[in-house]
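Down below is the structure, laid out as structure tokens.
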Amino acid sequence: MAEISFWGGVGVIGSSKILIEQDGWRILLDCGLDFSPGAGLFRSHVAPRPGHILQDRLRIGGAPWLPHLYRPEAVAGLDLPGGSDGQTAVFVTHAHIDHIGLTGWVDPGVPIYCSIDTKRVMEALTAAGDGVEGGEPALIGLADGESVTFGPFRVTRYPVDHDVIGASGYAVETQDGVVGFTGDIRLHGRHPEKSLAFAQAIHGARAFVIEGTTLSFGFKSAQSTEVAVDEQFTRILATTPGLVLMSLYPRNVERVESFLAIARSAGRTILWPPKMAAFFTHLGIPDVAVWDESRLDAVRSHPEHYVVQMAVAEIPVLLDLPVGPGAVFVHANGEPLGVFDPDYEVLQDWLKFTHTPWWGIGTSGHASPDDLNRLVETVAPDILFPLHSQEPDRLIPPPGTVRWLPQRGGRRFALSGR
Ligand SMILES: [Zn+2]
1 MAEISFWGGV
11 GVIGSSKILI
21 EQDGWRILLD
31 CGLDFSPGAG
41 LFRSHVAPRP
51 GHILQDRLRI
61 GGAPWLPHLY
71 RPEAVAGLDL
81 PGGSDGQTAV
91 FVTHAHIDHI
101 GLTGWVDPGV
111 PIYCSIDTKR
121 VMEALTAAGD
131 GVEGGEPALI
141 GLADGESVTF
151 GPFRVTRYPV
161 DHDVIGASGY
171 AVETQDGVVG
181 FTGDIRLHGR
191 HPEKSLAFAQ
201 AIHGARAFVI
211 EGTTLSFGFK
221 SAQSTEVAVD
231 EQFTRILATT
241 PGLVLMSLYP
251 RNVERVESFL
261 AIARSAGRTI
271 LWPPKMAAFF
281 THLGIPDVAV
291 WDESRLDAVR
301 SHPEHYVVQM
311 AVAEIPVLLD
321 LPVGPGAVFV
331 HANGEPLGVF
341 DPDYEVLQDW
351 LKFTHTPWWG
361 IGTSGHASPD
371 DLNRLVETVA
381 PDILFPLHSQ
391 EPDRLIPPPG
401 TVRWLPQRGG
411 RRFALSGR
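Set out below in structure tokens:
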């Protein structure tokens, strides 16, 4: 009998962790870390204690209490067996912290699969000093459509579209049928055909676990496309006489490459913080220019030739930059990510103080409610599990599908049952 249980992403956006068990074998889909700057016991300046990081996370419920997943020394002192039992494997959907952030603690005997691009992104982040906590995980890259047989399971990886390269959906074949998991997914990005092809490939699945980010916050409207974001950025560069400041999320590598090309055509150089520049260079992006104070004179004398990517921590540099009404700050899904982050208000206060206008031009990595319905209707599963959402009960199943709301931590749903 195959069973499924949920160890994160229940009632919250992020931290997806789905366990599928059969005959003592276990597949963990995603192994994320809660990322919520404005919430949780570890926030602001309060962090897990050095030397006890995973133990502290486990004891407050911030990591799944699962045996034979973590390195023995990372769970020392807890009543939780560490080290691989040879029957556990992890499959990661994409390179966002809330899906991959705990893999640095996974025992080396537990294989961790992901896409080849996810492996590339994580290796470039590690090389740039921005890897996951606990150590560099040994990731195994899978090609599009590649399958892995693990004990009684057969797991196939499919490419899907999200706001990071290498995003994947998985199909896990169990004795009670196929379990499909979207990871994070959308239909308004650059590759909607990938997301739809995944949904078609798992048509008739026994169970379908779908993210439901946009079912939160009473969200209803359609999402703008990545192409529309490019057009807005193009227009801003053409109409801003002075300096353009920007906050772009670096892991959206396709948007980074697109913005680099747009800036180049507009005669502007984008200056990136050193860590981001190192990440892009390790990924093989050419001609990445670094922002540091040695650039101040050049930016001051020719602000119209530059775009500066800002980190909130260095925002006082606005006092030395040619900002004000002729400049603009472009928020394109970078940090601070949203109003839930206390830094968001700090940044806005500084921009108000310097009379610098703010433009938000991003789009979400997550499918709109209508597109979520379209994906569910395409898959037409027996059982629907909406996950990674504050209001999963807003996803109404089509006729022929029953919806089960995931419960956190250990409640096992038998996939054979009704
Ligand atoms: Zn994501």
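Numbering (UniProt numbering), first residue to last: 1 to 418.
Just so you know, even glycine gets a beta-carbon here, dropped at the ideal spot from N, CA and C.
A quick note: this is a predicted structure, and the numbers were derived from the prediction, not measured.
Given Leu321 as reference, the closest of Ser301, Ala311, Val330 and His331 once Cα atoms are compared: For Leu321, the closest alpha carbon among the candidates Ser301, Ala311, Val330 and His331 is that of Ser301.
Taking 7 Å as the limit between beta carbons, can you name the residues of its chain near Phe198, skipping five residues before and five after? If we look at Phe198 and ignore the five residues flanking it on each side, its Cβ neighbours are Tyr158, Val160 and Gly169.
Along the beta strand (DSSP E) that carries Ala207, what are the first and last residues, could you check? Per DSSP, the continuous beta strand (DSSP E) segment holding Ala207 begins and ends at Ala207 to Glu211.
Consider the Cβ of Tyr158: report whether some Cβ of chain C lies at a distance smaller than 8 Å. The structure shown contains no chain C; it holds only a single protein chain.
Going by beta-carbon coordinates alone, are Glu21 and Ala414 separated by less than 8 Å? Contact: no.
Are the Cβ atoms of Leu378 and Gln232 separated by less than 8 Å? At residue 378 the sequence reads Thr, which differs from the Leu that was named. Not a contact, by the Cβ cut-off of 8 Å.
Could you check the C-alpha separation between Lys352 and Pro386 for me, to the nearest Å? Using only the alpha carbons, I get a separation of about 40 Å.
Report the three-state DSSP secondary structure of Pro274 (helix, strand or coil). Here Pro274 carries a helix assignment [DSSP, helix/strand/coil].
Take every Cβ of the region 52 to 67, pair it with every Cβ of the region 139 to 150, and state whether three or more of those distances are shorter than 8 Å. No contact exists between the region 52 to 67 and the region 139 to 150.
Using 10 angstroms around the beta-carbon of Ser265, count the other beta-carbons present and answer buried if the total reaches 16, otherwise exposed. In summary, Ser265 is exposed, with fewer than 16 beta-carbon neighbours lying within 10 Å of its beta-carbon over all protein chains present.
Ligand 1 and Asp184: does the residue's C-beta get closer than 7 Å to at least one heavy atom of that ligand? Yes - ligand 1 has a heavy atom lying nearer than 7 Å to the Cβ of Asp184.
Run through DSSP, which three-state label would Thr281 get? Assigned with DSSP and collapsed to three states, Thr281 falls in helix.
Go ahead and pull the three-state DSSP assignment for Arg157. In the structure shown, the three-state DSSP call for Arg157 is strand.
Write down the C-beta distance between Val92 and Ile112 rounded to the nearest angstrom, noting that I regard them as a contact closer than 8 Å. Indeed they touch by this definition, with Cβ atoms about 6 Å apart.
Would you report the Cα separation of Pro72 and Asp56, rounded to the nearest angstrom? Straight-line Cα distance between these residues: approximately 15 Å.
Check Tyr249 in the structure and name its three-state DSSP category. DSSP places Tyr249 in coil when its eight states are reduced to three.
Any heavy atom of ligand 3 closer than 7 Å to the Cβ of Gly9? Absent from the structure shown: ligand 3. Ligands present: ligand 1.
Does any heavy atom of ligand 1 sit closer than 7 Å to the C-beta of His99? Flag set: Cβ of His99 near ligand 1.
Residue from Ala380, Ile27 and Leu245 with nearest C-alpha to Ala207: Among Ala380, Ile27 and Leu245, the Cα nearest to that of Ala207 is on Ala380.
Would the C-beta of Gly365 count as close to ligand 1, meaning under 7 Å from any of its heavy atoms? Distances taken from the Cβ of Gly365 to the heavy atoms of ligand 1 include one shorter than 7 Å.
Given a cut-off of 8 Å on the beta-carbon distance, is the pair Val155 and Val244 in contact? No, the pair does not count as a contact, with Cβ atoms beyond the cut-off.
Using a Cβ-based criterion (distance less than 7 Å to any ligand heavy atom), does His191 qualify as near ligand 1? Closer than 7 Å to some heavy atom of ligand 1: that does not describe the Cβ of His191.
Can you pull the DSSP bridge partners for Val90? Val90 is bridged to Leu28 and Ile112.
When you compare each of Leu384, Val229, Asp393 and Thr234 to Pro399 by their alpha carbons, which one comes out closest? Among Leu384, Val229, Asp393 and Thr234, the Cα nearest to that of Pro399 is on Leu384.
Helix or strand or just coil, what does DSSP make of Ser168? Judged by DSSP in its simplified three-state form, Ser168 adopts strand.
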